[in-house]
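Student:
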Amino acid sequence: MMKRSEKGILTSQAGSLPRPTDLIEMNAARLNGEDVDDAKLAQRLKDAVAEVVKHQVDLGITVPGDGELGKAT
28 MMKRSEKGIL
38 TSQAGSLPRP
48 TDLIEMNAAR
58 LNGEDVDDAK
68 LAQRLKDAVA
78 EVVKHQVDLG
88 ITVPGDGELG
98 KAT
């Protein structure tokens, strides 16, 4: 469902946002065939998305996104 506003212009961002270093390292290890704790990776991804959404909201973005953090590269 599309968001609408009668009080102002809704703002969003599109595309990738910088990933946290530890998330980059975990994804790289997984792509290199190293053992990665799937539960730990999933939790870190969930936390990173929450962080990036909060940052967008703090900046005034009215329709925040996940910043494509779920992509490994």
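The numbering of the sequence shown is the numbering used here, which starts it at 28 and goes up by one. Beta carbons: idealized from backbone N, C-alpha and C, even for Gly. Computed from a predicted structure; not experimentally measured.
Rounded to a whole number of angstroms, what is the C-alpha to C-alpha distance between residue 64 and residue 57?
Tutor: Approximately 9 Å between the Cα atoms of the pair.
Student: Return the first residue and the last residue of the alpha helix (DSSP H) that residue 67 is part of.
Tutor: That run of the alpha helix (DSSP H) goes 65 to 85.
Student: Work out the CA separation of residue 71 and residue 86 for me, nearest whole Å.
Tutor: Taking the straight line from one Cα to the other gives about 23 Å.
Student: If contacts are defined as beta-carbon pairs under 8 Å, then residue 94 and residue 79 qualify, I think. What distance do you get, rounded to the angstrom?
Tutor: Their Cβ separation, rounded to whole angstroms, is 5 Å, which keeps residue 94 and residue 79 in contact under 8 Å.
Student: Taking its Cβ as the centre, do 16 or more other Cβ atoms sit within 10 Å of residue 54, making it buried, or is it exposed?
Tutor: Buried, because 16 or more other Cβ atoms sit within 10 Å of the Cβ of residue 54.
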